[in-house]
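Student:
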Amino acid sequence: MKLYRFSPVESDDNFRQALEYIHEASHELCLRALGRHLPVAENIGFFSHYRPEYDFLTSIRERLTNTDVNFHNKYYLLNDELKFPANSSTPAAIYKYLYVRRPDPYRAQVGDVDFVLEPDAFQRMKQQLTEDPSSNPHARVFPDPRLDMIELHHPDIDVLCYVVPTTMTEEIESQEVVTGL
13 MKLYRFSPVE
23 SDDNFRQALE
33 YIHEASHELC
43 LRALGRHLPV
53 AENIGFFSHY
63 RPEYDFLTSI
73 RERLTNTDVN
83 FHNKYYLLND
93 ELKFPANSST
103 PAAIYKYLYV
113 RRPDPYRAQV
123 GDVDFVLEPD
133 AFQRMKQQLT
143 EDPSSNPHAR
153 VFPDPRLDMI
163 ELHHPDIDVL
173 CYVVPTTMTE
183 EIESQEVVTG
193 L
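FYI, the numbering for the sequence shown is 13 to 193, going by the working numbering.
Encoded structure:
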């Protein structure tokens, strides 16, 4: 059995297939973990597993994005939005930001998508998971307190998802206000 479903990615077509898979598998995970689909937070990430793969994907990211517009030198604004139409099991989505993660020996997943949950509902879910972590076996409050999000996971699905209270665009705009940019 191949440990990494798409890695090493070595072509633009293979990368596009991987992103489509991440999109579809993330929506499946969201539905399994939460019982419903949520809107995407506008970002999609690919988890590289080999250094040459990361270098190759970074060169693709540099072609596809405006490298001057990024969030934390991690999420880069795509020159052209990445659009996936709805199908029988997955809602349509538009991604505006791309992330390519460095190889991490502790993460075998293909990638991730963030989903948005209205802020009050997000806080209620986070409180529920804090008070009773077993209330949802496929969700947990993300352990790093600097990041306000909920992680979705499932042993049969090789992507991760995160639930956040704002879209990536809203997060970037709020950071610009705070920093005066």
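Glycine included, C-beta positions come from ideal geometry on N, C-alpha and C. From a predicted model like this one, the values you see are computed outputs, not experimental measurements.
In angstroms with no decimal places, state the Cα-to-Cα distance between E74 and H165.
Tutor: 29 Å
Student: Would DSSP call A53 helix, strand or coil?
Tutor: strand
Student: What are the start and end residues of each continuous alpha helix (DSSP H) run of 4 or more residues lying completely inside the region 87 to 141, in chain order?
Tutor: none
Student: For I184, is the classification buried or exposed, using 16 other Cβ atoms within 10 angstroms of its Cβ as the cut-off for buried?
Tutor: Sixteen is the threshold: when 16 or more other Cβ atoms of the shown chains lie within 10 Å of the Cβ of I184, as they do, the residue is buried.
Student: Compute the Euclidean distance between the alpha carbons of R152 and L15, then round it to the nearest angstrom.
Tutor: 24 Å
Student: Please name the residue, chosen from K138, S147, S146, that lies closest to R177 on a Cα-to-Cα basis.
Tutor: Correcting the residue type first, residue 177 is Pro in the shown sequence and not Arg. With distances taken between Cα atoms, P177 lies closest to K138.
Student: Between which two residues does the beta strand (DSSP E) containing F83 stretch?
Tutor: Per DSSP, F83 belongs to the beta strand (DSSP E) from 77 to 83.
Student: To the nearest angstrom, how far is the alpha carbon of A37 from that of V171?
Tutor: 7 Å
Student: Output yes or no for whether 9 Å exceeds the beta carbon distance between V125 and V52.
Tutor: yes
Student: Tell me, please, which residues DSSP counts as bridged to H166.
Tutor: The bridge partners DSSP lists for H166 are I169.
Student: I'd like to check one pair, I72 with D24: are the Cβ atoms closer than 9 Å?
Tutor: yes
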